[in-house]
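**Student:** So the sequence shown is numbered by the numbering used here: it starts at 273 and just counts up by one.
Quick reminder that beta carbons are idealized off the backbone N, C-alpha and C, glycines included.
All figures in this text were calculated on a predicted structure; none of them were measured in a lab.
My questions will all concern the structure given below.
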Amino acid sequence: MFDAKLRPLIDPPLNAVGAKLARAGISANALTFTGLAMGLGGAVAIAFGNLWLGLGLIIANRIIDGLDGAVARATTPTPLGGYFDIVADFAFYVSVPVGFGVLSSENTLPALVLVASFVLTGVSFLAFAVIAAERGEETQSHGKKSFFYSTGLAEGTETIAVFIAMCVFPAWFGIIAYAYAGLCVITVFQRSLRARATFR
273 MFDAKLRPLI
283 DPPLNAVGAK
293 LARAGISANA
303 LTFTGLAMGL
313 GGAVAIAFGN
323 LWLGLGLIIA
333 NRIIDGLDGA
343 VARATTPTPL
353 GGYFDIVADF
363 AFYVSVPVGF
373 GVLSSENTLP
383 ALVLVASFVL
393 TGVSFLAFAV
403 IAAERGEETQ
413 SHGKKSFFYS
423 TGLAEGTETI
433 AVFIAMCVFP
443 AWFGIIAYAY
453 AGLCVITVFQ
463 RSLRARATFR
């Protein structure tokens, strides 16, 4: 919901740093995999009860995730890079609730529900992108991307805000997880209605 609105604010500093990293010979794919390692490390830290380390690694993941795209824009974006980026994103998103599920048995069911909602959201997102590409649809609302990014209530910004809340208020994990899972399901219906209007 907020991703497109934040792009004009975050893109200029990211692009400036990304250009410097590109000149230093750091590739976008290297940053993608570094960010993925940070994110998965954050999930492991959460699983072992170190929530503040987990939170720090989650934030590091998101910063690096922004920089890999900036480096790609400063050089030559590739389809393979776009593929690695989206796979790394979803691997990270799923890993955090899994970490909380491992942390406490009380978290297991809400973590499973949240992961399932992420799967549904991801499927709707990627299915929309595939069909939009076949039809030649384009959008720049999320900046220059490797494929069509459809908007929704639950996007990256909201997900990171939820992960931060979970780390700061771990006792509320179940309530937060169920509430956000509901928002993800609403996003699937929202995207499906948009698909019906766009692709019919």
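1. Check this for me: beta carbons of Arg339 and Leu286, under 8 Å apart or not?
2. Looking at the secondary structure, which residues open and close the alpha helix (DSSP H) in which Thr348 lies?
3. Specify, as a first and last residue, the run of the alpha helix (DSSP H) that Ser464 falls within.
4. What is the rounded straight-line gap between the Cα of Ala467 and the Cα of Ile458?
5. Is Ile298 near Val366, with beta carbons less than 8 Å apart?
6. Extract the residue ranges of the alpha helix (DSSP H) inside the region 336-382, only unbroken runs of 4 or more that lie entirely within it.
7. Less than 8 Å between the beta carbons of Leu386 and Pro369, yes or no?
8. Have a look at Ala429 and Arg334 and give me their C-alpha separation to the nearest angstrom.
9. Taking only the alpha-carbon atoms, compute the straight-line gap between Leu398 and Ser464 and give it to the nearest angstrom.
10. State the Cα-Cα distance for the pair Tyr452 and Ala404, rounded to the nearest angstrom.
11. Tell me which same chain residues have a C-beta within less than 7 Å of the C-beta of Val460, skipping the five on either side of it?
12. Exposed or buried, Leu303, counting other C-beta atoms within 10 Å across all chains shown (16 or more means buried)?
13. Can you tell me where the alpha helix (DSSP H) with Asn301 in it begins and where it stops?
14. Tell whether a beta-carbon distance below 8 Å holds between Ile336 and Phe435.
15. Which whole-angstrom value describes the C-beta separation of Gly307 and Ala363, a residue pair presumed to lie in contact below a C-beta threshold of 8 Å?
16. Just how far apart, CA to CA, sit Leu425 and Thr350?
17. Applying the 10 Å Cβ sphere with the 16-neighbour rule, what's the burial state of Leu494?
18. Look at the alpha carbon of Phe445 and the alpha carbon of Leu293, and state the distance between them as a whole number of angstroms.
**Tutor:** Answer, in terms of the structure:
1. Note on residue identity: the sequence assigns Leu, not Arg, to residue 339. Going by C-beta atoms, Leu339 is nearer than 8 Å to Leu286.
2. Unbroken run through Thr348: none, as it is neither H nor E.
3. 445-471
4. 14 Å
5. no
6. 351-375
7. yes
8. The amino acid occupying residue 429 in the given sequence is Thr; Ala does not appear at that position. Cα to Cα, Thr429 sits roughly 10 Å from Arg334.
9. 12 Å
10. 27 Å
11. Leu392, Thr393, Ser396
12. buried
13. 300-319
14. no
15. Actually they are not in contact, since the Cβ atoms of Gly307 and Ala363 sit about 10 Å apart, beyond 8 Å.
16. 28 Å
17. Outside the modelled stretch of the chain, which goes from 273 to 472, sits residue 494, for which no answer is possible.
18. 37 Å
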